[in-house]
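Asks: Numbering (the numbering used here), first residue to last: 23 to 268. Each residue gets a CB set at the ideal place from its N, CA and C atoms; glycine is no exception.
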C-alpha cells in the first residue's frame, strides 16, 4: 500500500508542474485521495462486501467530486489532475501511468451486465471533458482531446479529437508527456485567411496592369482563349501579351 502511495505521489510530481512537495500533493490533490480511497473500496468489492464498497465510494465522491465505481480496475501511477466531475464506470479497466483530466467520463452505452465500459491501456492521456463510451479500447500511449466523444477503438499511439472523434495522429512514440499536439482551430483559420489574402494580392497585382486597357479583339489562335474559355477576352488578351513580354 505504501509503495503504491509513493508511486502515486511521484507520478503527480512528474505530471503537474504546479506540484511543489509530496505533502502538498497528499493534502491538497483530490485526485490522489480518490485513487487511494478507491483501492480500499475495490478491495471491499472483490471480497464480497459490495454494499460497503458502494457506500464508502459514495462518501469519497462527496469529498473529492470524483466518482469511481468500486468495481472499476485502476492500475498503478494513475494521476487524476483536478478531477472534478470525473465518472468511471463499473467495468472500466485503466492501465498504468494513465493521466486523466477533469470532467472525463468513462461510461457505458448498454444495459448489459457484462463488460460495457472502456479499457484504457498504459500511458494514455485523456483530456478535459472527454467522453469515452462503451466497451472500446484506448490503445497504449494514445491521447484523447479535450471535449472529444469517443465511441470506437483508438489505436496505440494515436490522437483522437472531435465529436464524434476522429484520428489525427498515428504511430506516436510511446512516451507520456503533456504535449497533446491537438489542432488549434483559431490558428488554422488564420492560416487559411493569410493564404487567401496572398492569393488575392497576386490577382490584384496582375489586374492592376490592365485597368486602362481599351477594348481589343482576341484572336482565335490565342493560347489564353483556349485555356480560359468564357472569360473576359480583353483581360486575358492583355494578360497573354504581358506574360509573353516577361
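Can you name the start and end residues of the beta strand (DSSP E) that residue 129 belongs to?
Replies: In the DSSP annotation of this structure, the continuous segment of the beta strand (DSSP E) that includes residue 129 starts and ends at 127–129.
Asks: Would you check if the distance between the CB atom of residue 152 and the CB atom of residue 172 is smaller than 8 Å?
Replies: yes
Asks: Can you find the residues in the same chain that come closer than 6 Å, C-beta to C-beta, to residue 63, ignoring five residues on each side of it along the sequence?
Replies: These residues qualify, in order along the chain: 75, 78, 79, 92.
Asks: How many Å lie between residue 144 and residue 47 at the Cα?
Replies: 23 Å
Asks: At what residues does the alpha helix (DSSP H) containing residue 35 begin and finish?
Replies: 24–37
Asks: Specify, as a first and last residue, the run of the beta strand (DSSP E) that residue 56 falls within.
Replies: Residue 56 -> not in any beta strand (DSSP E); alpha helix (DSSP H) instead, spanning 52–68.
Asks: Can you give the beta carbon distance from residue 53 to residue 101, rounded, assuming they're within the 8 Å contact cut?
Replies: With a beta-carbon spacing of about 6 Å, residue 53 and residue 101 fall inside the 8 Å limit used to define contacts.
Asks: Assign residue 122 to one of three DSSP states: helix, strand, or coil.
Replies: strand
Asks: Note the first and the last residue of the continuous beta strand (DSSP E) segment covering residue 173.
Replies: It is not in any beta strand (DSSP E) - residue 173 carries neither H nor E in the DSSP assignment.
Asks: Just to confirm before moving on: does the CB-CB distance between residue 88 and residue 105 stay below 8 Å?
Replies: yes
Asks: Name the DSSP beta bridge partners of residue 185, please?
Replies: Note: residue 185 sits in no beta bridge, so no partner.
Asks: Should residue 126 be labelled buried (16 or more other beta-carbon atoms within 10 Å of its own) or exposed?
Replies: So residue 126 ends up on the buried side.
Asks: Which value, in whole angstroms, describes the spacing of the CA atoms of residue 133 and residue 220?
Replies: 55 Å
Asks: Leaving out five residues on either side along the sequence, give the residues of the same chain with a beta carbon under 6 Å from the beta carbon of residue 146.
Replies: Closer than 6 Å at Cβ, skipping near neighbours: 120, 160, 164.
Asks: From the DSSP output, read off the bridge partner residues of residue 165.
Replies: 147, 181
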